[in-house]
Amino acid sequence: MTIKERFKLTIEFFLINRPVAETELTYQDPFELIVAVILSAQCTDKRVNMITPALLEKYPDAESMSKAEPEEIFEYIKSCSYPNNKAKHLSGMSRMLVTEFGGKVPSEPLLLQRLPGVGRKTANVVASVVFRKPVMAVDTHVFRVSNRIGLVKNAKTPLIVEIQLSNHIPPELIHLAHHWLILHGRYVCKARNPLCSKCGLTDFCKYYNEKVKKNKT
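Last residue of the sequence shown? That's 217 in our numbering, and every number before it is there in order.
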């Protein structure tokens, strides 16, 4: 099976079985999303959604958060992973939004990456989710699922995965595909115990046919 055929079948499957796919992070506007995504690094969306209500009630926009010291922000986010670093990132990110972007979250990934705490993945998430930019954010789920299905070849880094996925997925579907792969990885194609018996992609999944199916015979 060619890569092109594998992508076609994968996209067709998700369009039928998961036509609506969205982030599980709770947010109301671009600022709330970028705050949530920064907090979500190595932390579950569930935990982030428990943290953000009180944090964003206190600091609802870049202007208000920019006036807070990292130590103040820390008190609201200390139950997440790496709270010290994230408090510094949120403080610096908010201040740069105010001083360089008029308090508004930019839509372009390269501009987003100038913000403290915002790497390529975070920038692509915000640009894709809020602004529908055709950029693919690659987290651990996207990386794992793409490699297992066989959508990417010799893809050892998130950047290589991003480039290969972006080359084969229609631009208008990239924001959807990002969530397809994340949700599939989170609930079906799990890291340690993938639920292959509940997966609709096994007919053409490289991992299933080369490792799971062979072990059954």
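All residues carry an ideal CB built from backbone N, CA and C; glycine is no exception.
Taking all protein chains in view, the Cβ of I149 is crowded by 16 or more other Cβ atoms within 10 Å, so the residue is classified as buried. In the three-state DSSP reduction, N193 falls in the coil class, being neither helix nor strand. Listed in chain order, the non-local C-beta contacts of R132 below 7 Å within the same chain comprise H175, local neighbours out to five positions each way being set aside. Per DSSP, P19 lies in no alpha helix (DSSP H) and is assigned neither H nor E. E32 counts as buried, since no fewer than 16 other beta carbons sit within 10 angstroms of its beta carbon. Sequence-distant Cβ neighbours of L97 in its own chain, meaning closer than 6 Å and more than five residues away, are A62 and G103.
The DSSP-derived three-state label of Q164 is helix. Comparing alpha carbon positions, the residue from L173, E210 and E162 closest to P19 is L173. Between the C-alpha atoms of V138 and A191 there is a straight-line separation of about 15 Å.
Note on geometry: alpha-carbon atoms of T99 and C43 lie some 29 Å from one another.
Counting only residues of its own chain and dropping the five nearest sequence neighbours on each side, V118 has a CB closer than 6 Å to the CB of L112.
In the three-state DSSP reduction, F131 falls in the coil class, being neither helix nor strand.
R120 carries a helical assignment under DSSP once its states are collapsed to helix, strand and coil. About 13 Å separates the Cβ atoms of C80 and K88, ruling out a contact at the 8 Å cut-off.
Beyond the five residues adjoining it in sequence on each side, E69 comes within less than 8 Å, by CB distance, of S91 in the same chain, given in chain order. Around the CB of A36, 16 or more other CB atoms lie within 10 Å, so the residue is classed as buried.
Separation of the CB atoms of A21 and L183 is rounded to 6 Å, and the pair is thereby assigned contact status at 8 Å. Distance from the CA of D29 to the CA of V135, rounded to the nearest whole angstrom, comes to 19 Å. At least 7 Å separates the beta-carbon of P106 from that of A123. No residue range can be given for F204, since it is assigned to no alpha helix (DSSP H) and is classified by DSSP as neither H nor E. Nearest neighbour of Y76 by Cα position, chosen from M50, N154, L9 and S66, turns out to be M50.
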